[in-house]
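These protein sequence lines are chains X and R, in that order. Heads up, the first sequence is in the numbering used here, so the first residue is 1 and it goes up one at a time. Heads up, the second sequence is in the numbering used here, so the first residue is 1 and it goes up one at a time. Ideal placement from N, C-alpha and C gives every residue a C-beta, glycine not left out.
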Amino acid sequence: MEETKPQLIKITFDGIEVEVEPGTTIMQAARKIAEADESQGHLVPPAMCYYKPLPTSGGKCRACLVKVAQGSAKDPRPMPKLVPSCITQVQEGMVVENTTNQGVLDTRKSIVEFLLINHPLDCPICDQAGECHLQDFAFEHGSVKTRYEEDRRTFDKIDIGPFVQLHMTRCILCYRCVYTADQITDKRVHGVMNRGDASEISTYIEKAIDNDFSGNVIDVCPVGALTDKTYRFKNRVWFSKPEDAHCDCSKCSGKVTLWYRGDEVIRVTARKNTWGEVNEFICNTCRFERKKTSDWVLEGPTKVKRSSVISANKYRADLIKKPDFALKLAATQFKPIDDTREFVTDGETIRQQSIENNDKANHRSLLAKNN
Amino acid sequence: MQLTNRSKQVSNKEMTLMERAYLPAIATGLAITIKHFFSKKVTIQYPEVKRYLGPVFRGRHILKRDEDGRERCTACGLCAVACPAEAIQIVAAEREKGEEKLYREEKYAAVYEVNMLRCIFCGLCEEACPKQAVYLRHDEFIPVFTERDQVIWGKDLLVEDMTNRYTREAWTKEEAHALDAKRASGEVTNVVPRAIP
Numbered sequence: 001m002e003e004t005k006p007q008l009i010k011i012t013f014d015g016i017e018v019e020v021e022p023g024t025t026i027m028q029a030a031r032k033i034a035e036a037d038e039s040q041g042h043l044v045p046p047a048m049c050y051y052k053p054l055p056t057s058g059g060k061c062r063a064c065l066v067k068v069a070q071g072s073a074k075d076p077r078p079m080p081k082l083v084p085s086c087i088t089q090v091q092e093g094m095v096v097e098n099t100t101n102q103g104v105l106d107t108r109k110s111i112v113e114f115l116l117i118n119h120p121l122d123c124p125i126c127d128q129a130g131e132c133h134l135q136d137f138a139f140e141h142g143s144v145k146t147r148y149e150e151d152r153r154t155f156d157k158i159d160i161g162p163f164v165q166l167h168m169t170r171c172i173l174c175y176r177c178v179y180t181a182d183q184i185t186d187k188r189v190h191g192v193m194n195r196g197d198a199s200e201i202s203t204y205i206e207k208a209i210d211n212d213f214s215g216n217v218i219d220v221c222p223v224g225a226l227t228d229k230t231y232r233f234k235n236r237v238w239f240s241k242p243e244d245a246h247c248d249c250s251k252c253s254g255k256v257t258l259w260y261r262g263d264e265v266i267r268v269t270a271r272k273n274t275w276g277e278v279n280e281f282i283c284n285t286c287r288f289e290r291k292k293t294s295d296w297v298l299e300g301p302t303k304v305k306r307s308s309v310i311s312a313n314k315y316r317a318d319l320i321k322k323p324d325f326a327l328k329l330a331a332t333q334f335k336p337i338d339d340t341r342e343f344v345t346d347g348e349t350i351r352q353q354s355i356e357n358n359d360k361a362n363h364r365s366l367l368a369k370n371n
Numbered sequence: 001m002q003l004t005n006r007s008k009q010v011s012n013k014e015m016t017l018m019e020r021a022y023l024p025a026i027a028t029g030l031a032i033t034i035k036h037f038f039s040k041k042v043t044i045q046y047p048e049v050k051r052y053l054g055p056v057f058r059g060r061h062i063l064k065r066d067e068d069g070r071e072r073c074t075a076c077g078l079c080a081v082a083c084p085a086e087a088i089q090i091v092a093a094e095r096e097k098g099e100e101k102l103y104r105e106e107k108y109a110a111v112y113e114v115n116m117l118r119c120i121f122c123g124l125c126e127e128a129c130p131k132q133a134v135y136l137r138h139d140e141f142i143p144v145f146t147e148r149d150q151v152i153w154g155k156d157l158l159v160e161d162m163t164n165r166y167t168r169e170a171w172t173k174e175e176a177h178a179l180d181a182k183r184a185s186g187e188v189t190n191v192v193p194r195a196i197p
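Shown next, in the form of structure tokens:
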């Protein structure tokens with residue numbers, strides 16, 4: 001029997017024609033355009049809740065709303081309302097407007113405003129800052145000022161185990177972590193409780209997540225609601241240097257990104273693709289326990305987009321030239337000196353020093369007067 | 001051939017008696033010179049006397065505290081990433097119970113060091129700071145250093161002294177411009193410097 005190839009469907013997205021298989025969503029079609037031509041990356045609708053590796057996710061945050069100007073070739077009427085592109089399937093001859101439609105852009109601005117209503121503005125403290133999807137989304141599509149004057153919702157702090165830190169105030173209820181817990185782990189210990197304004201991510205009966213793959217909720221979370229407790233306040237994302245590495249792991253693929261501060265691995269995450277999605281989830285042993293370079297086989301620096309803040313203050317080793325002449329001249333005219341400083345990494349010592357310095361600073365004028 | 005049209009015809013006339021007498025011209029010149037002895041000097045004796053350079057002059061760094069004496073800095077690292085000379089080094093730590101009087105936020109900079117050899121006093125750290133924590137003082141410079149270890153300034157030198165708070169007339173460029181405009185229009189003559197609350 002002759003195999004029948006599925007008929008390809010032709011749609012127009014922002015004036016660009018693309019052929020996709022039936023059953024593809026508008027979002028996937030847009031991503032196909034961007035993957036074929038990198039300069040079209042800005043056309044792809046943003047996604048806060050949709051996560052391709054997690055089936056049935058999406059359709060909740062409304063960040064990806066687009067205008068369908070023509071439903072299909074058979075029925076050319078436009079769709080009456082904006083549709084979420086991540087769960088709407090394409091039809092033959094569909095015409096979609098995203099960045100070309102002002103209405104879509106205005107709506108997106110309002111969506112940012114809605115998402116930020118209860119989101120605390122604690123980016124300076126949040127460990128997710130720098131790789132936060134909501135930050136990117138608000139930066140690209142939102143307005144600079146907030147109109148919201150009321151108190152933001154707050155929650156009682158819940159401890160969900162030694163590895164994952166839950167900040168419920170930062171949650172935007174995208175349900176990604178719930179899908180992860182449902183689909184990656186075999187028993188459900190994590191979910192959303194209550195309804196509407198009061199709904200919150202929680203582990204049932206405040207039970208610590210002890211599944212082997214539970215750490216993946218950190219990578220999946222688009223905001224800083226679920227963060228790595230072992231990385232808490234260790235460093236800002238953009239000061240650490242990502243390196244791809246792998247190891248032989250019996251439980252997972254072992255392909256990870258190591259985040260370095262100097263020679264020290266301060267964090268291990270799964271690898272993210274262009275859309276910030278993890279295709280190969282990693283186990284908790286890899287994520288939380290293998291924090292030595294000797295545990296890993298290094299593959300080289302992770303490719304970081306030039307536009308990303310993570311690329312700030314990082315230079316390619318092959319482009320840096322040492323000032324040969326100046327160094328040679330200095331070597332002939334001056335004797336070598338030892339200017340290494342004691343580098344304190346012990347947290348307790350640093351804390352004590354900070355308090356001492358505080359006192360010193362506070363009594364500086366008194367000292368100056370007495371001397 | 002004429003190259004420019006700025007050339008002047010030189011006069012070759014005979015001098016008058018007044019001009020030939022010579023002394024009146026000398027006296028006029030001397031009078032001008034002597035007059036300047038009594039006018040106000042345009043220069044100042046620099047190291048002893050210093051000019052006011054305006055409220056937003058960029059001198060040495062200060063880490064502000066709020067009115068309760070808590071440190072504003074939350075170690076977000078924006079100053080360090082904005083710094084074109086990479087002069088700022090921060091180590092963050094989590095605030096513990098009982099330290100609420102020392103630090104305003106959950107996280108604070110346990111180490112905040114500025115390498116004064118690298119710093120170019122561009123003020124980008126000041127602009128990047130979301131917490132109004134780091135400022136460049138308008139009234140103090142970095143003193144001349146003689147030893148290697150005086151170059152890297154830690155928190156003991158940077159954090160504001162609550163017994164002698166740092167105040168200025170304007171905390172941002174915009175405020176300074178507004179103030180200048182008001183001064184020019186004669187609306188205000190003197191402004192009392194204030195600390196940011």
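Residues near residue i in its chain [Cβ-Cβ closer than 7 Å; skip 5 each side]
i: residue 130/X; result: 236, 237, 238, 309 and 310
i: residue 205/X; result: Note that residue 205/X has pLDDT 44, beneath the 50 cutoff, so the model's placement of it is unreliable and no number is given.
i: residue 297/X; result: 245, 246 and 247
i: residue 30/R; result: none
i: residue 124/R; result: 82, 83 and 84
i: residue 268/X; result: 256, 258, 286, 287, 290 and 291
For residue i, the residue or residues it bridges with in DSSP
i: residue 300/X; result: 244/X
i: residue 138/R; result: Paired residues: none, contrary to the question.
i: residue 68/R; result: BP columns for residue 68/R are empty, so no partner.
i: residue 159/R; result: 63/R
i: residue 287/X; result: Residue 287/X pairs with nothing; no bridge assigned.
i: residue 166/X; result: 226/X
i: residue 193/X; result: 200/X
i: residue 89/X; result: 25/X
i: residue 95/X; result: 12/X and 70/X
i: residue 115/R; result: 152/R
i: residue 108/R; result: 93/R
Endpoints, alpha helix (DSSP H) assigned at residue i
i: residue 356/X; result: 347-362
i: residue 314/X; result: From DSSP, residue 314/X is part of no alpha helix (DSSP H); its letter is neither H nor E.
i: residue 36/X; result: 26-36
i: residue 3/R; result: Neither: residue 3/R is in no alpha helix (DSSP H) and is coded neither H nor E.
i: residue 138/X; result: 133-141
i: residue 105/X; result: 102-117
i: residue 255/X; result: Note, residue 255/X: premise wrong, no alpha helix (DSSP H); beta strand (DSSP E) at 255-261.
6 Å CB neighbourhood of residue i in its chain, flanking five on each side removed
i: residue 316/X; result: none
i: residue 78/R; result: 128
i: residue 121/R; result: 58
i: residue 69/R; result: 162
i: residue 80/R; result: 88 and 90
i: residue 52/X; result: 277
i: residue 202/X; result: 193
Proximal residues to residue i (C-beta, below 8 Å), its chain only, five neighbours per side dropped
i: residue 301/X; result: 241, 242, 243 and 244
i: residue 147/X; result: 113
i: residue 289/X; result: none
i: residue 199/X; result: 173, 192 and 193
i: residue 54/X; result: 176, 179, 180, 183 and 220
Integer Cβ distance of residue i from residue j, believed to fall under 8 Å
i: residue 87/X; j: residue 59/X; result: 4 Å
i: residue 48/X; j: residue 61/X; result: 4 Å
i: residue 229/X; j: residue 265/X; result: With a Cβ gap of about 16 Å, residue 229/X and residue 265/X do not count as contacting.
i: residue 25/X; j: residue 89/X; result: 6 Å
Terminal residues of the beta strand (DSSP E) in which residue i lies
i: residue 88/R; result: 88-94
i: residue 57/R; result: Taken as a continuous stretch (DSSP letters only), residue 57/R belongs to no beta strand (DSSP E), as it is neither H nor E.
i: residue 151/R; result: Looking at the DSSP string, residue 151/R is not in any beta strand (DSSP E), and its letter there is neither H nor E.
i: residue 265/X; result: 264-270
Neighbouring residues, chain C, relative to residue i (Cβ below 7 Å)
i: residue 360/X; result: The chain labelled as chain C is not found among the protein chains of the depicted structure, namely X and R.
Members of the region 64-87 of chain R near chain X, C-beta cut-off 8 Å: Across the region 64-87 of chain R, CB contacts with chain X closer than 8 Å involve 69, 71, 74, 75, 76, 77, 78, 80, 81 and 86, in sequence order along the chain.
According to a CB-to-CB cut-off of less than 9 Å, which residues of the region 135-154 of chain R neighbour chain X? Taken in chain order, the members of the region 135-154 of chain R whose beta-carbon sits within less than 9 Å of a beta-carbon on chain X are 148, 149, 152 and 154.
Along the region 86-107 of chain R, where does the CB come closer than 7 Å to a CB of chain X? Name the residues. Closer than 7 Å at the C-beta level to chain X, one finds these residues of the region 86-107 of chain R: 86, 91, 92, 93, 94, 102, 105, 106 and 107.
Please name the residues in the region 334-355 of chain X whose beta-carbon is closer than 9 Å to at least one beta-carbon of chain R, in chain order. The residues in question are 337, 339, 341, 344, 345, 347, 350, 351, 353, 354 and 355.
Residues of the region 298-309 of chain X with a CB closer than 9 Å to any CB of chain R: list them in chain order, please. Here the close residues are 309.
Can you pull out the residues from the region 223-246 of chain X whose beta carbon lies closer than 8 Å to at least one beta carbon of chain R? So the close ones are 232, 233, 234, 235, 236, 238 and 239.
Quick one: which residues of the region 108-126 of chain X get their C-beta closer than 7 Å to a C-beta of chain R? List them in chain order. Result list: 124 and 125.
By the 8 Å beta-carbon criterion, what residues does the region 114-131 of chain R contribute toward chain X? Listed by position, the residues of the region 114-131 of chain R near chain X (Cβ gap below 8 Å) are 130 and 131.
Interface positions of the region 161-177 of chain R facing chain X (Cβ-Cβ less than 9 Å), listed along the chain: Those would be 161, 162, 163 and 164, in chain order.
Given a limit of 7 Å on CB to CB distance, which residues of the region 138-155 of chain X reach chain R? Correct list: empty, as no residue qualifies.
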